[in-house]
Structures are given as structure tokens and as C-alpha cells.
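Let me begin by presenting the structure, written as C-alpha cells, before commenting on it.
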Amino acid sequence: MKHLLKKTGRLLFAVFVAAALCGCGRYFDMEGTPGNQRADTLTVPANEDLIVVGVSQMGSESVWRTAHTNSIQTTFTRDKGYFLIFNNARQKQENQIKAVRSFISQQVDYIILSPITEDGWDTVLQEAKDAGIPVILTDRRVNVCDSSLYTTWVGSNFLEEGKKAGVWLEEYLQEIGQEQKPVNLVVLRGTEGSTSMMGRTAGFEYITRHHENWCILESVNAEYTTAKGREEMKKLLQKYNDINVVVAQNDDMAFGALEAIYDAGKTVGENGDMLVLSFDGTRDALKMVQSGAISVDVECNPDQGPYLSMIINKLENDAAVQRAYYVPEQVFTTENVGDFIEERNY
Ligand code: GYE
């Protein structure tokens, strides 16, 4: 197995560093994970044939992100043959770059990166390539000059997600016979420069362009968080008194927007002042779809750990991998949400 060669290198490197540090025992200062207790030093047990995986997660900004992290942490466990080094960058790209460099210096077998934004990765990914460490992207993508700087990517078709929300609105307006009436929309966008934000925005706007009677009054950055969603929605309600549709690019922002809408004495849903469209499909949001507070929730599947371990297994056996792996997703509405809400575990 490929990682065994690296394991020898790691052990020799660790011995060398230990000797250089007079054997003080602290080779690397690493943030460990609950599954592998805190790893102050990279102490992959010599008698265990473990694949060492360094994961740089962007943060914990949303319920979806927590589920994404959980999928990774429950996949890369010791009993499944992995030693997981997990780093939470707390929404800062520079922390992700530091983590990747730390993984490189520890000669991990694989690096998994969930990049907060698409730009700014060329240098550090070149360093990983020079070190012979495959980089696998999850959730969001990177915009690099040399596409060989990462091996593959696992995630959602965000453009399709945006289109699905637009198509739902088209069909809804047709059903209620208001397809010709003016529709005023506001958009709460996710993290600026992120793949999911750009894809959902482009997909929804693709549909919007087919409707001259649809008007996006304003599109604002609400950073995928509930607090920012509430803050920005409050401003939009103070600015506009004729909002018909709120497009929140994730459930957390939708939760914040609903708080602001209710605080303003407005109502939502089929017979309310405005409709709320959302993305992700978390359990609490699906309950709001069931109640009608959220009209439609376009699923974004965070369960990407199994795909990542399948890819590593292929790479370990020199098998070919695709350049992209799309996770399955659907659309939740008041009509179908009852069939799925009980199984939703996040
Ligand atoms: O929709 C949101 C998270 O990139 C798909 O990031 C991900 C998005 C997801 O903060 O909840």
C-alpha cells in the first residue's frame, strides 16, 4: 500500500527531528480530533498500518458544515484504518493554508481540503504537489492555474441547485395563476467568492432572466450565518416594503431572515406577505417546510466522507479516479417533506 512508503519516511523524519530537538518528544504541534484524542505530536503508532489523512475544514458557520465535518470525522477513524488530523480554520483562509503546510511538514499520506473561497491556493497546493501528497477537494472548489494541483473533488452541482430553486418558483407562480404578475425578490448570498454561492447565484439568475416580471431588488452577502441573515434581512425590510420572495442561499440565513421578518410584523408562506426559498435541507429547516414557513428547500448533501474514503482507497491501489464526484440531492417541498424528515439526522 502506497502509504507504507510514506510511513517509513515519516518515522525516519520524526526520529531525525526528535534527535535535533534533543529528543524532547514534541515533533509537531497539531490540533487533534476527538476520535484520535488531542495529537500534540504526530504519534502514528508504529505497529498500526494507518493511512494518515490531514483535513482542513473551513469552519463551523452552519448546521450543514457541522454535518459535513461529522461525515468526515466518522469516516476517517482508526478502526477503519485511518489516522485523522483535523483542523478547523474558523473561516480564515490563512488558517487553512497554515494547516496544509503543517500536514506537508508531517508528511501525511493525503490532504483533504474544503476551501472557504476559490482563489489564493496555487502556492500552497504546489507545495503539496512538490511533496508528493495528493490533495482531494470537498464541498467547494479552487481556482488554480494548474488543475493537476488537486487530484479530484467531491460536492454538489451548485448551478443546478440554483436552477432548481428558480424552477420551483416558476412552477409555483404558474400553479397560483400569477406567472405574469410582478415579483420582487431579495437574495441573501453565502460567503463571497465561494463555489456554492457563485453556483447558486448563477443558477437562480439563469431562471430569473427568463422572466421580465421578476425583479431582484437587491442581493446581499449574509455569509451563510443566521446572525448575518437576520441583520441583512432587517435592513432589506427597512428599505423595501414590497418584497415578495426571499432567496436565502442556506438554511442558517433563512432562519435569521425569518426572525427579522416576524420582528417586522410580516408573515411568510402561501398566504403570507412573502415566500422564503432556502438551500441545504437541514432537519430544522425541513420542519419549517412542513409548516409552510419555508416554501422550498433545495437539498445540499453534506455526507461526503464515504466518497472521500472511496477515493483514497482507489488511490491506495493505483486505481483511476474521476475528476469530480457529485453527491445525490433533491428538492423538498410541503408536498414531499413528510417522507424524508424523520430520516434527516442533521
Ligand atoms: O450551503 C452552507 C455552508 O458550501 C455547500 O456552506 C456549502 C455551503 C452550505 O456554510 O450551509
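Residue numbering for the sequence shown follows the numbering used here, starting at 3 and increasing by one per position.
Glycine is no exception: its CB is placed at the ideal position from the N, C-alpha and C atoms.
At least one heavy atom of the ligand GYE lies closer than 8 angstroms to the C-beta of N252. For the alpha helix (DSSP H) assignment, the uninterrupted runs of no fewer than 4 residues enclosed by the segment 100–171 are, from N- to C-terminal side, 124–132. Less than 9 angstroms divides the Cβ of T140 from the Cβ of S116. In the three-state reduction of the DSSP assignment, F78 falls in the coil class.
Note on geometry: alpha-carbon atoms of P304 and V146 lie some 24 angstroms from one another.
Here the alpha carbons of R325 and W155 stand approximately 6 angstroms from one another. V329 carries a coil assignment under DSSP once its states are collapsed to helix, strand and coil.
If you compare the alpha carbons of V137, A133, M255, N243 with that of E63, the shortest gap goes to M255.
Cβ-Cβ distances below 6 angstroms link C302 to S158, F281, D282 in the same chain, with the five nearest sequence neighbours on each side left out; the list follows chain order. Of the candidates D81, F257, L277, A287, the residue whose Cα lies closest to the Cα of E344 is A287.
Counting every other CB atom within 10 Å of its CB across the protein chains shown gives S198 a total of 16 or more, marking it as buried.
Per DSSP, G267 is not a residue of any beta strand (DSSP E), being assigned neither H nor E. Look at I218 here: in three-state DSSP terms it is strand.
Counting the other Cβ atoms within 10 Å of the Cβ of N347 gives fewer than 16, which makes it exposed. Taking 8 angstroms as the cut-off, one finds at least one heavy atom of the ligand GYE near enough to the beta carbon of W66. Taken in chain order, the complete alpha helix (DSSP H) segments of 4 residues or longer contained in the segment 284–340 are 285–293, 307–318. Take F206, set aside five residues on each side of it, and the residues of its chain with a beta-carbon closer than 8 angstroms to its own are G164, K165, A167, G168, V189, V249, in chain order.
In the three-state reduction of the DSSP assignment, S73 falls in the helix class, which pools H, G and I.
Boundaries of the beta strand (DSSP E) around G56: 53–59. Among the bridge pairs identified by DSSP, I87 is matched with G56.
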